[in-house]
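Heads up, the thing below is written out as structure tokens.
In the working numbering, the protein residues as written are 18 to 154.
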């Protein structure tokens with residue numbers, strides 16, 4: 018499975034690392050505009066050929082160079098919600114990626130992005146739900 022991740026912050030680096038650990042069948046590429054962000058990846062992944070790509074996850078040109086046209090999965094987990102929504106919409110509607118997930122930091126935007134046909138997830142909302150479950154409220 019070809020997986021393209023936009024954003025190599027804490028969440029993106031964790032997703033990429035876990036996917037790389039779980040299967041050798043995945044072709045994973047992670048794109049980020051800041052080359053320093055790749056320092057969050059384990060060393061063996063930072064230097065793996067084709068694993069990292071310095072570029073803009075919302076740029077058609079950079080997405081194509083990173084391999085979006087062969088991607089089965091696109092995960093938008095960059096810092097800014099609007100960029101995640103833009104890149105996720107491009108992945109879904111322009112590049113026809115079959116599975117697209119979009120991180121939304123602001124939980125008030127999650128339903129709006131879902132209405133646009135995106136599979137939007139809010140770590141803020143997920144964390145709040147997990148904490149409430151942990152304290153049984």
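By construction, the Cβ of each residue, glycine as well, lies at the ideal position given by its N, Cα and C atoms.
- For residue 28, the enclosing alpha helix (DSSP H) has its first and last residue at 27–39.
- Per DSSP, residue 138 lies in no alpha helix (DSSP H); the unbroken beta strand (DSSP E) holding it starts and ends at 136–138.
- In the three-state DSSP reduction, residue 143 falls in the helix class (H, G or I).
- Between the beta-carbon of residue 117 and that of residue 133 there is about 11 Å, and that puts the pair past the 8 Å contact cut.
- The DSSP assignment places complete beta strand (DSSP E) segments of no fewer than 3 residues inside the stretch 44–130 at 44–49, 69–71, 90–93 and 116–120, in order along the chain.
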